[in-house]
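In terms of the numbering used here, the sequence shown has 38 at position 48, counting the first letter as 1, and numbering is strictly consecutive.
Scroll down for the structure; my scribbles are underneath it.
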Amino acid sequence: MGYKEDFEKIYISKITRAGSAELLEWLKTTDFFTAPASTKFHCACLGGLVQHSVSVYRVMMDRHFDAETDSEESFAICGLLHDVCKAQFYKESTRNVKNEETGAWEKRPYYTIEDSYPYGHGEKSVFLIERFMRLKTSEAIAIRWHMGGFDESVRGGSFSIGLAWQKYPIAVKLHLSDLESTYLCEKGTSSIHGK
């Protein structure tokens, strides 16, 4: 079974909230299941975004799920959908790169960003999800702040993330799972390099 099939199986079995079926149908009209997860850092490959989404969900469940306090549906929503903002976001292009062995210039593929809806990262995912399905406050906060210190507003000096993490443990769990997936589980998953 591939990542798309894994994603759909988890999604359909764990997410039963009103609007979830419509959200999944919308995702199928985008490049969500074929898009990369980044330009070069992790899962910069065909289907990388869905691979990353499934990986984050699995790390969340394996490392952080507490059956007494956590919701399987909330973990599925946060893990699988935190990067919905990356659908229709990356484009494949080519550029000339000098072959060091031959000295000849060669066209090489790479991913570039083409953000047609510059709304932010986590906040854009929350907005897109809520076009179809209502999120619990804890889910919206977790998705909004999943980038941690890489978030533009945090780098700009915002302190809201600390309060979010203090009040909503799922936000910390999503961030940690995203980091582990990106930097440990998905190492070496990029087939296109932007160097």
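For every residue, glycine included, the Cβ atom is placed at its ideal position computed from N, Cα and C.
It is roughly 10 Å from the alpha-carbon of His42 to the alpha-carbon of Arg48. The residue among Asn86, Gly38, His72, Leu164 with its C-alpha nearest the C-alpha of Ile119 is His72.
In the three-state reduction of the DSSP assignment, Ile5 falls in the coil class, being assigned neither a helical nor a strand state.
A Cβ-Cβ separation of about 19 Å leaves Thr20 out of contact with Ala66 under the 8 Å criterion. With a cutoff of 9 Å on beta-carbon distance, Arg53 and Ser128 are scored as not near each other.
Where Arg98 is concerned, there is no enclosing alpha helix (DSSP H), although the beta strand (DSSP E) around it starts and stops at 95 to 103.
If you draw a straight line from the Cα of Glu(-5) to the Cα of Gly69, it comes to about 16 Å.
Distance from the CA of Glu63 to the CA of Ser10, rounded to the nearest whole angstrom, comes to 11 Å. Annotation: the continuous alpha helix (DSSP H) that includes Val49 extends over 38 to 49. In summary, Phe140 is exposed, with fewer than 16 beta-carbon neighbours lying within 10 Å of its beta-carbon over all protein chains present.
Sequence-distant Cβ neighbours of Gly38 in its own chain, meaning closer than 6 Å and more than five residues away, are Pro26, Ala27. The straight-line gap separating the alpha-carbon atoms of Lys126 and Asn89 is approximately 51 Å.
Using a Cβ distance threshold of 9 Å, Glu82 and Tyr100 count as a contacting pair. With 16 or more other Cβ atoms from the protein chains shown falling within 10 Å of its own Cβ, Arg134 counts as buried.
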